[in-house]
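Report on the structure given below.
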Amino acid sequence: MSTHSLLLLPGDGIGVEIMAEVERIIGFLNGRTNGPKFETTSDLVGGAAYDAHGVSITEEAMAKAVAADAIIFGAVGGPKWDSVPYEHRPEAGLLRLRKDLDLFANLRPAICYPALADASSLKRELVEGLDILILRELTGGTYFGEPKEIVTLENGEKRAVDTTLYSTGEIDRIVRMGFDLARKRQNKVHMAAKWNVMRSGVLWRDVTGAVHKSYAPDVEYHEILADNCAMQLIRQPKQFDVVVTDNLFGDILSDEAAMMTGSLGMLPSASLGGVDETTGKRRALYEPVHGSAPDIAGKGLANPIAMIASFAMALRYSFDLSREADMVEGAIAKVLEQGLRTGDIMQAGMTKVGTKEMGDAILKELEATSA
Ligand code: IPM
Ligand code: MG
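Sequential numbering of the sequence shown, starting at 52, is according to our numbering.
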C-alpha cells in the first residue's frame, strides 16, 4: 500500500480543536496492519498565520499545499483580525488556496442522519432521508472578478465595485461535473442562477442547457431562479438531488441546505480541481462548511463531526478508499444513534458531550468495527 501525504491546516478558532480529532482518526488508520498509511505535515493559515508571519498563508505553506496529495482544512477568521489589512484578512488564505490550486468544484453534501431529523429547524417529514448535493463553482464569479475595489469619487463619496465574471469554459467544467455526479445519485440536476437580472446568469443558463443537450440528455434537468431555489429548499427540500450554481449563490444555498441536516456543524465539503494529465491526480482540499466559531473556540465544545466527515470525503474522493470512508461515516452515524450530542445538535433526552468525548466515541466505534 502506498503512503498518502496530507497537509493539515487547522487555522483559527475551533479549527484547531476539531483538527485534533481528525489526527486521532489518522493515527487509528495508520495503526492498522493492513490498511492504507498517511503521512501528515501541518502549517498555519488564516489569523494564526497572520499573527506569526504577517500574511494569511506563507509561500512555504503554499508549496506544501501544492505537494500534498490532499489538504485537510479547519476554519479561518474571527473578530481578533477584524482590523487587519484587507489583503491579509484570514479568509484571504483560504481564497488563495482555492484559486492557486484551481479547486473549481466544491461539493457540499447535505445528508440528514436519521438520528438528527428532529434537530433540524424543519419538520421531520421534510428532512428525514434528505440527501442533496450543492455543487458550488469555487474559483470564479463575484469572489474573484475584477475590478473589485472601493474608490473615492470627486464629490468625496465612495463607490464599491464587485464584478461577477464567468467564461463559458468555467461554467462548462462545473456543470459537466454536476451531470456526472447526478448519474451516480438520483440522476437529477437543478441549475440555480439569476438569468432574469444578471448577464452571467444568462450565460449559466445557455451553457448548462447546451451541456445537458449534448452531454447528459439522460439526466433530468431543471433551471431554477436562485431566489426560488432558496425558497424551495425550505418548502420541499427532497425535490432536489444535485444543485449546481455559481460561487456566491452556492455560498448561501449551501449554508441553507446545511441547516436542514440539524446543524452547520454536520456538513463536510470537498473542493476539487481538474485531473492532472501527467500524475492522474486531482488537487483537493477538504473542509467543514462551518466557520471558526470564535464564541466557543478553545472551550472543547465544538462539534468535530463536519471536520471528521470532511476527512472521510478525502478518503473517498482523493484516495478511492471507500471502505475506510464508509467505516468513518458509519462510526459517526452510530454515535448519533447512541444519543451523543454536542451543544449545537443537543436535544431533550440526549447526552451532551464535548469535542473530545465525541472524538473518543467515534474512535471507539471505529475500533469496534475493525476488530
Ligand atoms: C465558505 C465560507 C467562505 C466563503 C469564507 C470563509 C471566505 O463562508 O467556505 O462557505 O465565503 O466561501
Ligand atoms: Mg459560506
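Using N, Cα and C, we set each Cβ at its ideal position, and we do this for glycine too.
Given I77, which residues of its chain have a CB within under 8 Å of its CB, disregarding the five upstream and five downstream residues? Mapped onto the sequence shown, residue 77 falls at position 26. Answer for I77: L57, F89, T91, F362, listed in chain order.
Taking only three categories from DSSP, how would you classify H263? By 1-based counting over the sequence shown, the position of residue 263 is 212. DSSP places H263 in helix when its eight states are reduced to three.
Could you name the residues whose beta carbon sits closer than 5 Å to any heavy atom belonging to the ligand IPM, keeping them in chain order? E142, D302
Looking at C-alpha atoms only, which residue of E72, F155, V67 is the closest neighbour of L336? Along the sequence shown, read from residue 1 onward, the residue named residue 336 stands at position 285. Ranking the options by Cα distance to L336, first place goes to F155.
Can you tell me where the alpha helix (DSSP H) holding K209 begins and where it ends? Sequence index remark: in the sequence shown, residue 209 carries index 158 (1-based). No alpha helix (DSSP H) holds K209; the beta strand (DSSP E) holding it covers 209–214.
Flag D306 as yes when its Cβ comes closer than 7 Å to any non-hydrogen atom of the ligand MG, and as no otherwise. Counting from one through the sequence shown, the residue named residue 306 turns up at place 255. Yes; taking the cut-off as 7 Å, the Cβ of D306 has a heavy atom of the ligand MG nearer than that.
Under a three-way DSSP split, which group does E205 fall into? Residue numbering aside, residue 205 sits at position 154 when the sequence shown is read from its first letter. Here E205 sits in coil by DSSP.
Local conformation of A402 per DSSP, three classes: What you label residue 402 is simply residue 351 of the sequence shown in a count that begins at 1. Correcting the residue identity first, residue 402 is Thr in this sequence and not Ala. In the structure shown, T402 sits in a strand (DSSP, three-state: E or B).
Beta-carbon of R175 versus every beta-carbon of chain B: anything under 8 Å? Absent from the structure is chain B; it holds one protein chain and no more.
When the distance is taken between beta carbons, is G144 closer than 8 Å to G66? Within the sequence shown, the letter at position 15 stands for residue 66. Within the sequence shown, the letter at position 93 stands for residue 144. No, they are not a contact pair.
Enclosing beta strand (DSSP E) for I185 [first to last residue]: Residue numbering aside, residue 185 sits at position 134 when the sequence shown is read from its first letter. From DSSP, the beta strand (DSSP E) with I185 extends over 182–188.
Quick check: what's the CA-CA separation for S107 versus G86? Position 56 of the sequence shown, counted from the start, is the residue given in the question as residue 107. Position 35 of the sequence shown, counted from the start, is the residue given in the question as residue 86. In a straight line, the C-alpha of S107 is about 35 Å away from that of G86.
3 or more residues per run - each beta strand (DSSP E) lying fully within the stretch 121–193: 121–126, 156–162, 182–188
Could you give the residue range of the beta strand (DSSP E) that holds T393? Counting from one through the sequence shown, the residue named residue 393 turns up at place 342. Segment: none, T393 is in no beta strand (DSSP E) and carries neither H nor E.
Identify every residue that forms a DSSP beta bridge with A321. The count along the sequence shown starts at 1 and reaches residue 321 at position 270. BP columns for A321 point to L158, Y337.
4 or more residues per run - each alpha helix (DSSP H) lying fully within the stretch 74–127: 98–104, 110–118
With respect to the alpha helix (DSSP H) encompassing T219, which residues constitute its N-terminal and C-terminal limits? Taking the sequence shown and counting its residues from 1, one reaches residue 219 at position 168. Start and end: 219–234.
Run through the DSSP bridge pairs and tell me what L276 is partnered with. As a working note, residue 276 is residue 225 in the sequence shown. According to DSSP, which records beta bridges pairwise, L276 is partnered with A244.
Residue span of the alpha helix (DSSP H) that contains L366, given as start and end: By 1-based counting over the sequence shown, the position of residue 366 is 315. Run containing L366: 356–368, per the alpha helix (DSSP H) assignment.
Out of curiosity, what's the CA-to-CA distance linking G180 and M242? In the sequence shown, the residue the question calls residue 180 occupies position 129. In the sequence shown, the residue the question calls residue 242 occupies position 191. Distance between the alpha carbons of G180 and M242 is about 22 Å.
Limits of the unbroken beta strand (DSSP E) element including L59: One-based indexing of the sequence shown puts residue 59 at position 8. Unbroken beta strand (DSSP E) run through L59: 54–62.
Under 8 Å between the Cβ atoms of S265 and Y217? Translated into the one-based positions of the sequence shown, residue 265 becomes position 214. Translated into the one-based positions of the sequence shown, residue 217 becomes position 166. Going by C-beta atoms, S265 is not nearer than 8 Å to Y217.
Give the C-beta separation of A116 and L148 to the nearest angstrom, bearing in mind that I take them to be a contact with Cβ-Cβ under 8 Å. Here residue 116 refers to the residue found at position 65 of the sequence shown. Here residue 148 refers to the residue found at position 97 of the sequence shown. A116 to L148, Cβ: 6 Å. Contact.
Please indicate yes or no: does the CB of K235 lie closer than 7 Å to some heavy atom of the ligand ZN? Among the ligands present in this structure, namely the ligand IPM and the ligand MG, the ligand ZN is not found.
Using three-state DSSP, classify R349 as helix, strand or coil. Counted from its first residue, the sequence shown places residue 349 at position 298. Before going further, note that residue 349 is Gly rather than Arg in the sequence given. Three-state result, G349: coil.
Expected contact under 8 Å - CB spacing of F230 and V270 to nearest Å: Position 179 of the sequence shown holds residue 230. Position 219 of the sequence shown holds residue 270. Contact holds; Cβ gap of about 5 Å.
Between which two residues does the beta strand (DSSP E) harbouring T296 extend? Your numbering for residue 296 matches position 245 in the sequence shown. First-last of the beta strand (DSSP E) with T296: 293–296.
Short Cβ contact (8 Å threshold) for L323 with Y368: Residue numbering aside, residue 323 sits at position 272 when the sequence shown is read from its first letter. Residue numbering aside, residue 368 sits at position 317 when the sequence shown is read from its first letter. A contact, by the Cβ cut-off of 8 Å.
Opposite G342 in the DSSP bridges: which residues? Looking up residue 342 in the sequence shown gives position 291. None; G342 has no bridge partner.
M311 and P339 closer than 8 Å at C-beta: Residue numbering aside, residue 311 sits at position 260 when the sequence shown is read from its first letter. Residue numbering aside, residue 339 sits at position 288 when the sequence shown is read from its first letter. No, these two residues do not count as a Cβ contact at 8 Å.
In angstroms with no decimal places, state the Cα-to-Cα distance between C280 and H55. Looking up residue 280 in the sequence shown gives position 229. Looking up residue 55 in the sequence shown gives position 4. Approximately 39 Å, taken between the alpha carbons.
Assuming L299 and L284 make a contact with CB atoms under 8 Å, what is their CB distance in whole Å? Position 248 of the sequence shown, counting from 1, holds the residue named residue 299. Position 233 of the sequence shown, counting from 1, holds the residue named residue 284. Between L284 and L299 the Cβ distance is about 16 Å, and since that is not below 8 Å, they are no contact.
Three-state class that DSSP yields for V270 in the structure shown: By 1-based counting over the sequence shown, the position of residue 270 is 219. If DSSP states are grouped into helix, strand and coil, V270 belongs with coil.
Check whether the stretch 343–354 and the stretch 178–194 are in contact - that is, three or more C-beta pairs closer than 8 Å. no
Rounded C-alpha distance that separates L80 from A360: For the purposes of this step, residue 80 is identified with residue 29 of the sequence shown, where counting begins at 1. For the purposes of this step, residue 360 is identified with residue 309 of the sequence shown, where counting begins at 1. Straight-line Cα distance between these residues: approximately 15 Å.
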